[in-house]
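Enquirer:
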Amino acid sequence: MDSPVLAIEHFSAGFGETQVLKDITLSVLPNRVTALMGPSGCGKTTLIRCINRMHELTPGATTSGRILLHGEDIYARNPILVRKKIGMVFQRPNPFPTMSIYNNVVAGYILNGIALKRQEKDRIVEDSLRKAALWDEVRDRLHKKGTFLSGGQQQRLCIARALAMNPDIMLMDEPTSALDPKATAYIEQLICDLKKNVTIILVTHNIAQAARVSDYTAFLYLGELIEFGTTEKMFTVPQDKRTEEYLSGKFG
Amino acid sequence: MHISSDRIFKTILALAGISIPALLIAFIVTLLIDSVPAFLRIGSAFFTETTWDPVAQQFGVRAFVVGTILTSCIALVLSIPFSLSIALFLGEYYRTGVWSTLLKSAIELLAGIPSVIYGMWALFVLVPMVRSVQLQLGVPPYGIGIMTASLVLTVMIIPYSASISSDVIAMVPADLKEAALSLGATRYEMLRSVVLPYALSGISAGTLLSLGRALGETMAVTMVIGNANRMPDSIFSPANTMASIIANEFAEATDPVHLASLIKVGLLLMIITMLINAAGTYVIRKKTLNQ
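Chain order of the listed sequences is A and B. Going by the working numbering, 28 is the number at position 46 of the first sequence; the sequence numbering is gapless. Every position in the second sequence, counted from 1, becomes a number in the working numbering once 477 is added.
Structure representation (structure tokens):
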């Protein structure tokens, strides 16, 4: 068995007095898709925003416990460095409207002021767009604005933008919730293809999506981790009664 | 009874609404009619000549157009670093809290100070400062002139461009800012590469609107510009703007051509200011619709 890329240990988080996550412990294996599943308000988005230290940008945010990336506590490091190693894709596609498709892909380098040679940039752009399955659709309009793309294409552009930074982990926060079924199917296929390159943590409120794309599933309910295991096992023989009720649609 | 009172109410509202465009048209028509003697006597020399000498019946507006544009543009350039910093402070770093409330009310108060007060302050504070700089530079130490007027205009327009720009910066979608941060950008890098490019058109619109204000500012400028009816030869020389020449000479203009020429200056100033304001409003509206 591989050693985990990411280990979350007794981690709690909240806003001011409100506790959103309670004592979460789970580990994420490399080159697998781990789904965080649960009803609205269960804390799954808060959890992935803690993994790249975006949670603390909200005033009043609190955290305790440890999150280890390759054995090193990310809360002991500079958040800027953590975010360079952990990419994120958001609910709504958010390519930078003032940048071309090309510059959107290398936006991480532009933002961080990393100067790259022309060939190096060309290589990163082509490589990232190919991995995000967008290259063939945009190769002849790389220098046009990314906002003219369809929603699904924009989301794949955001995936390419995150991939370009060569992250250890890619966080996806309900990446298909703003997309139509066809674009959703395309992104789900892409997630399955991407795991040979990167470890993926996927937040979803869609049970079927977790079943289709993930290798491991964590079920969160009211800020607690109820159950965590292989997706196959959780969906066939759930250990906890609440998991079973959620999977069978009794609540959520 | 109820129906007729409703109709009367609606008519009153409609009349009140019509009165504003009607006033605007009346303004333009009055200015046009009253400037006819100047059109007849002076013709195109009004725009091409630089000499303004009521005694010799020479009325050329060129020097005042240059004076207006020079003072306004210097003020604009000087105000941008300040208004942009204030806008970033209010729109991004301190959107709520004691400091932002304090700064916001200070800006509102600055915008509300009567311009004659600004003029007085400029006479007592800016003029001696400019004079000592002129002594250092070895240019004639007038104190009053283009530079002094530009400085007081700078202070007067900062509240306008700062408040519009901070609103525009605060409107930049949070998900774009988060996207930048999630790529490992620092706050400064995010502002430079994502927030400012996104807000650029709105900030330029705010700047254009404050330019419109600087062009028409009369009292404070008249008090410190030096009132010299000639082409300025340096940024320190005493001059006149379109607004200040009207303020200075209107009361004494008894000669009909002189009076008509002043009215024509007013008409020109009004058209320029309206065009600048329309451009600024257009850019802001286009930006708001795009979101």
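Virtual Cβ for every residue (Gly too), placed ideally from N, Cα, C.
Which residues of the region 655 to 673 of chain B have a Cβ closer than 8 angstroms to any Cβ of chain A? Give them in chain order.
Expert: GLU655, ALA656, ALA657, LEU658, SER659, LEU660, GLY661, ALA662, THR663, GLU666, MET667, SER670 and VAL671
Enquirer: Taking DSSP's pairing of strands, which residues face GLU54 (chain A) in a bridge?
Expert: A:LEU51
Enquirer: So is ASP163 (chain A) in contact with chain B if we call contact Cβ pairs under 9 angstroms?
Expert: Correcting the residue identity first, residue 163 (chain A) is Pro in this sequence and not Asp. So, not an interface residue.
Enquirer: Look at ALA167 (chain A) and LEU139 (chain A) and say whether their C-beta atoms are less than 9 angstroms apart.
Expert: no
Enquirer: Does the region 110 to 125 of chain A come into contact with the region 78 to 97 of chain A, if we say contact requires no fewer than three beta-carbon pairs (one atom in each stretch) closer than 8 angstroms?
Expert: By the criterion of at least three beta-carbon pairs nearer than 8 angstroms, the region 110 to 125 of chain A is in contact with the region 78 to 97 of chain A.
Enquirer: At 4 residues or longer, what runs of the alpha helix (DSSP H) sit wholly inside the region 20 to 100 of chain A?
Expert: Within the region 20 to 100 of chain A, the alpha helix (DSSP H) runs of at least 4 residues that lie entirely inside it are, in chain order, 26 to 33, 61 to 67, 83 to 87 and 89 to 93.
Enquirer: Using DSSP's beta-bridge definition, name the partner residues of ASP155 (chain A).
Expert: A:VAL185
Enquirer: For ASP511 (chain B) and ALA737 (chain B), which I take to be in contact (beta-carbon distance under 8 angstroms), what is that distance rounded to the nearest angstrom?
Expert: Going by Cβ atoms, the distance from ASP511 (chain B) to ALA737 (chain B) rounds to 6 angstroms, so yes, they are a contact pair.
Enquirer: Helix, strand or coil for ASP5 (chain A)? Go by DSSP, reduced to three states.
Expert: Secondary structure at ASP5 (chain A): strand, using DSSP grouped into helix, strand and coil.
Enquirer: LEU653 (chain B) CB to nearest chain A CB: under 9 angstroms?
Expert: yes
Enquirer: Taking the straight line between their C-alpha atoms, what separation do you get for LEU202 (chain A) and LYS26 (chain A)?
Expert: 7 angstroms
Enquirer: Does chain B have any CB closer than 9 angstroms to the CB of ARG59 (chain A)?
Expert: Chain B contact via Cβ: absent.
Enquirer: Mind checking if ALA89 (chain A) is an interface residue toward chain B, Cβ cutoff 9 angstroms exclusive?
Expert: yes
Enquirer: Can you have a look at LYS763 (chain B) and say buried or exposed, based on whether 16 or more other CB atoms are within 10 angstroms of its CB?
Expert: exposed
Enquirer: Over the uninterrupted alpha helix (DSSP H) stretch that includes GLY689 (chain B), give me the two end residues.
Expert: 673 to 693
Enquirer: Among B:ARG669, B:PHE713, B:GLY596 and B:LEU500, which has the Cα closest to the Cα of VAL610 (chain B)?
Expert: B:PHE713
Enquirer: Can you tell me whether HIS37 (chain A) is buried or exposed, with buried defined as 16 or more other CB within 10 angstroms of its CB?
Expert: Its Cβ being crowded by 16 or more others within 10 Å, HIS37 (chain A) is buried.
Enquirer: In this structure, how does DSSP classify LYS487 (chain B) when only helix, strand and coil are distinguished?
Expert: Residue state, collapsed to three classes: helix.
Enquirer: Can the beta-carbon of SER659 (chain B) be found less than 9 angstroms from the beta-carbon of ALA144 (chain A)?
Expert: yes
Enquirer: What three-state label does DSSP hand GLN533 (chain B) in the structure shown?
Expert: Inspection of the sequence shows that residue 533 (chain B) is occupied by Ala rather than by Gln. Coil at ALA533 (chain B), not helix or strand.
Enquirer: Using the Cβ count rule (16 or more neighbours within 10 Å means buried), how would you classify PRO41 (chain A)?
Expert: exposed
Enquirer: Do ARG48 (chain A) and ASP55 (chain A) have their CB atoms nearer than 9 angstroms?
Expert: yes
Enquirer: Any C-beta of chain B sitting closer than 9 angstroms to the C-beta of LEU93 (chain A)?
Expert: yes
Enquirer: In terms of residue numbering, what span does the beta strand (DSSP E) encompassing GLY(-4) (chain A) cover?
Expert: Unbroken beta strand (DSSP E) run through GLY(-4) (chain A): -12 to -3.
Enquirer: Between the region 28 to 45 of chain A and chain B, which residues of the former have CB atoms less than 8 angstroms from a CB of the latter, in chain order?
Expert: For the region 28 to 45 of chain A, residues whose beta-carbon sits nearer than 8 angstroms to a beta-carbon of chain B comprise ASN34, MET36 and LEU39.
Enquirer: For TYR759 (chain B), which three-state DSSP category applies?
Expert: helix
Enquirer: Using 9 angstroms as the limit for Cβ to Cβ distance, is LEU587 (chain B) near chain A?
Expert: No, its Cβ sits nowhere closer than 9 angstroms to a Cβ of chain A.
Enquirer: At the level of alpha carbons, what is the spacing between PHE130 (chain A) and ASP652 (chain B)?
Expert: 18 angstroms
Enquirer: Is the region 592 to 605 of chain B touching the region 617 to 631 of chain B, taking contact as three or more C-beta pairs under 8 angstroms?
Expert: yes
Enquirer: PHE217 (chain A) lies in the alpha helix (DSSP H); which residues open and close that run?
Expert: 213 to 218
Enquirer: Is there a Cβ of chain A sitting closer than 9 angstroms to that of THR677 (chain B), yes or no?
Expert: It is worth fixing the name first, because residue 677 (chain B) is Leu in this sequence and not Thr. Judged by the 9 angstroms Cβ criterion, LEU677 (chain B) is in contact with chain A.
Enquirer: Suppose only complete runs of 3+ residues qualify. What are the beta strand (DSSP E) ranges in the region 722 to 759 of chain B, listed by chain order?
Expert: Segments of the beta strand (DSSP E) lying fully in the region 722 to 759 of chain B: there are none.
Enquirer: Touch check for the region 674 to 682 of chain B and the region 503 to 520 of chain B: three-plus C-beta pairs under 8 angstroms?
Expert: Contact between the region 674 to 682 of chain B and the region 503 to 520 of chain B is absent: fewer than three C-beta pairs spanning the two stretches fall below 8 angstroms.
Enquirer: Where does GLN768 (chain B) sit, in a helix, a strand or coil, going by DSSP?
Expert: Residue placement at GLN768 (chain B) cannot be trusted, given a pLDDT of 48 that sits under 50; the coordinates are not used to answer.
Enquirer: Jot down the residue ranges of each uninterrupted alpha helix (DSSP H) in the region 502 to 572 of chain B, minimum 4 residues, whole runs only, in chain order.
Expert: 513 to 519, 522 to 525 and 539 to 565
Enquirer: Measuring only between beta-carbons, confirm whether ARG65 (chain A) sits less than 9 angstroms from chain B.
Expert: Closer than 9 angstroms: yes.
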